[in-house]
Amino acid sequence: MPLRLLVVEGNVRAAREAHASSYGLTPAESYASVLHGIEPAVVCDIALPADEGANLPDPSGLEGYDGVVLTGSALHIYEDQPAVRRQVELMRAVYASGTPAFGSCWGIQVGAVAAGGDVRRNPRGREIGFAREIVPSEAGRAHPLLAGRPRAYTAPAIHLDTVLTAPPGATVLASNAMSDVQAAEIGHEGGLFWGVQYHPEFDLAEVAAILGRMPEVLVGEGFCPSLEAVFEHVADLRALHADPGRTDLAWRFGLDAQVLDPALRLTEIRNFLEHRVKPHRSARGRE
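So, in structure tokens, the structure goes:
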């Protein structure tokens, strides 16, 4: 029997259409494709809570899923608007349902705020392209979410906001110089959420597509000296995606197998399926 997962798209229509125009898939469609790649016997439904009038499941409806996965988003959770409030309320329903949940970037921010944490613009600045030197905490080194990760690693990452205060019931599993909460487990109202601030689901082509849509930001914030430099950077990322054996490009970007090998890059998502989703389904089958 296939796993049944709900992929919660974090973006409003315009943002997901922009992503699809540069990458070919919306963030939720891309995430669903990643999940299929890890576990072919999976059925993914997509929820669009940022859309007004979206048909969203309540706790009893969520109980019919083996797991819930939250994508990233261009929204800011501290901005009080309906597209944000609907997602926080949906996450509270996920906690109440007891359904295993996992989220990347915006996903961990929603999971934190729904449980009483605080997310703000990162006072240390934007983390863009890759999160460097992510170090598991003592709890993280023993936690199944990070099983297989080394003592320090790099992962794709694109975010301006960060979890400043973890909610009650949270365990911080990893940090780096840019974000104190790079990975966490959050327990709330009988539910359990695993999340990461980075994007293990992003391949280099998806990172390149996002960076290619924000050249003015990269120049304006000093990441690149010119628009031409941005376009060269994006082209090199795409070239490395096409040929991960390009030692020259891997060296230039400072990337190793933790990013270049999909089996390693997807560690947290695979661990979520193996250690949370499948056991939860088995337990439900015995009820």
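When you line the sequence shown up against my numbering, it's residues 985 to 1271, in that order. For each residue, glycine too, the CB sits at the ideal point set by N, CA and C. Predicted, not measured: the structure shown is a model, and the values here were computed from it.
Closest residue to residue i among the options (Cα-Cα distance)
i, options, result
"P1084", "V1068, V992, V1053, V1094", "V1053"
"N1255", "I1194, A998, F1177, L1244", "F1177"
"L1040", "E1117, R1069, G1021", "R1069"
"P1011", "V1191, R1260, P1024", "V1191"
"H1109", "G1204, L1250, L990", "Before going further, note that residue 1109 is Gly rather than His in the sequence given. Among G1204, L1250, L990, the Cα nearest to that of G1109 belongs to G1204."
"A1131", "L1019, E1212, Q1242", "Q1242"
"A1223", "E1252, L1188, L1211", "L1188"
"E1252", "S1044, R997, R1125", "R1125"
"G1056", "E1073, A1067, N995", "N995"
"S1163", "C1089, R1236, I1170", "C1089"
"E1036", "P1024, D1042, R997", "R997"
"V1214", "R1230, D1232, A1193, T1231", "A1193"
"T1146", "T1231, N1106, R1133", "N1106"
"A1038", "P1066, R1133, H1172, T1231", "P1066"
Beta-carbon proximity check, residue i vs residue j, cutoff 8 Å
i, j, result
"F1114", "A1136", "no"
"V1026", "I1061", "no"
"P1120", "L1148", "no"
"L1244", "P1184", "no"
"L987", "D1029", "no"
"L1202", "I1022", "no"
"E1117", "A1161", "yes"
"L1221", "E1169", "no"
Assigned secondary structure, residue i (DSSP; H/G/I helix, E/B strand, else coil)
i, result
"Y1062", "coil"
"H1020", "helix"
"Y1015", "helix"
"R1104", "strand"
"H1183", "coil"
"F1207", "coil"
"E1036", "coil"
"R1265", "helix"
"T1146", "strand"
"A1136", "coil"
"G1051", "strand"
"R1197", "coil"
"L987", "strand"
"A1161", "coil"
"H1225", "helix"
"L1009", "coil"
"E1117", "strand"
"D1042", "coil"
CB-CB length for residue i against residue j, believed under 8 Å
i, j, result
"L1046", "S1081", "4 Å"
"S1006", "R1265", "Wrong, their Cβ atoms sit about 35 Å apart, outside the cutoff."
"G1087", "G1179", "4 Å"
"L1195", "H1225", "About 12 Å; that fails the 8 Å criterion."
"P1151", "G1101", "4 Å"
"G1153", "Y1079", "That belief does not hold up - the Cβ atoms of G1153 and Y1079 are roughly 10 Å apart, past 8 Å."
"V992", "L1074", "7 Å"
"I1112", "F1207", "6 Å"
Separation of residue j from residue i, as counted between CA atoms
i, j, result
"K1262", "G1048", "14 Å"
"G1008", "R1268", "36 Å"
"F1186", "I1142", "10 Å"
"L1239", "Q1181", "18 Å"
"P1228", "A1234", "8 Å"
"A1247", "Q1166", "20 Å"
"D1064", "V1094", "13 Å"
"A1031", "L1144", "24 Å"
"A1077", "T1155", "21 Å"
"I1092", "A1002", "23 Å"
"H1020", "M985", "14 Å"
"H1127", "H1259", "10 Å"
"P1209", "P1043", "49 Å"
Proximity test, Cβ basis, 8 Å: residue i and chain C
i, result
"G1091", "Absent from the structure: chain C. Only one protein chain is present."
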